[in-house]
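Chemist: Going by the working numbering, the letters in the sequence shown line up with residues 285 to 456, in that order.
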Amino acid sequence: MRTYKKKSQRGLTPPDVMLIAVRAVKIDHRSLRETSRDFKIPLMTLRRYCQTFSDEEINAGNAPNTVVGYIANRQVFTPEQETQRSDYVKKAADIYFGLSPKEVRRMAVWFASSLNLRMPENWKKLELAGADWFPAFLKRNTTLSIRSPEVKSLSRATSFNKTNVSAFFDNL
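1) With distances taken from CA atoms, which of K446, R317, R389 and T287 is nearest F418?
2) Just confirm the distance between the C-beta atoms of V309 and L316, as a whole number of angstroms; I'd bet it's less than 8 Å.
3) Could you spell out the range, first to last residue, of the alpha helix (DSSP H) harbouring Q293?
4) Provide the residue span of the alpha helix (DSSP H) that contains P326, from first to last.
5) Check whether the Cβ atoms of V360 and M403 sit closer than 8 Å, and answer yes or no.
6) Short of 6 Å in beta carbon distance, which residues of its chain neighbour S320, apart from the five on each side in sequence? Order them along the chain.
7) Mind reading off the beta-carbon distance from R369 to A392? Whole number of angstroms is fine, and I expect it under 8 Å.
8) According to DSSP, is E412 part of a helix, a strand, or is it coil?
9) Identify which residue in F337, I311, I304 and Q335 has its Cα closest to the Cα of F323.
10) For my contact list, D416 and R286 are in at a C-beta cut-off of 8 Å; report their separation, rounded to the angstrom.
11) What first and last residue would you give for the alpha helix (DSSP H) that runs through R369?
12) Using the rule of at least 16 other Cβ atoms within 10 Å of the residue's Cβ for burial, across every protein chain shown, is A413 buried or exposed?
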């Protein structure tokens, strides 16, 4: 599902709140039911984390190393790398060489492989970024507008002359 919206509040308890609740159970010897009701944490979740947290994590003053809740989706590129990609696509469009969505997806794989980034196996197999990646990339970079190329008009075809071609190569 490409536009999934979470319907429940499960897995949204912050790690520091979970640690305080586990300390209340383990150190202060409060009951699991009472603590889960006070902190609004499901009983079985609190019970599981009471078994998961090590004694060092409970006694330490900082947040635990144990992951609490759901892990966010992995992104292939960092925000800086995505900015580089969007700048390149804009520059290519400015010099009268707009890129199609498939070309942008293919370039994403080339860029990721040149930086030795971890990417999905399907990207490597098809040498093409996923169909879900491209709309998400456009959503994160709202200044881009990439569409499939349309049929050229007659006036555009006739304007392909020596002056315009030399102007194009001067821009490179």
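Heads up, the beta-carbon is just placed ideally off N, CA and C, and yes, glycines get one too.
Modeler: The short version:
1) The residue from K446, R317, R389 and T287 with its alpha-carbon nearest to that of F418 is R389.
2) The beta-carbon distance between V309 and L316, rounded to whole angstroms, is 6 Å. This is short enough to meet the 8 Å contact definition.
3) Taken as a continuous stretch (DSSP letters only), Q293 belongs to no alpha helix (DSSP H), as it is neither H nor E.
4) From DSSP, P326 is part of no alpha helix (DSSP H); its letter is neither H nor E.
5) Taking 8 Å as the Cβ cut-off, V360 and M403 qualify as a contacting pair.
6) Only L327 and L330 meet the Cβ criterion.
7) Indeed, because the Cβ distance is near 7 Å, the residues count as touching under 8 Å.
8) In the sequence as presented, Glu is not what sits at residue 412; that position holds Leu. In the three-state DSSP reduction, L412 falls in the coil class, being neither helix nor strand.
9) Closest by alpha carbon: I304.
10) With a Cβ gap of about 6 Å, D416 and R286 count as contacting.
11) Per DSSP, R369 belongs to the alpha helix (DSSP H) from P363 to D378.
12) Looking at its Cβ environment, which holds 16 or more other Cβ atoms inside 10 Å, A413 is buried.
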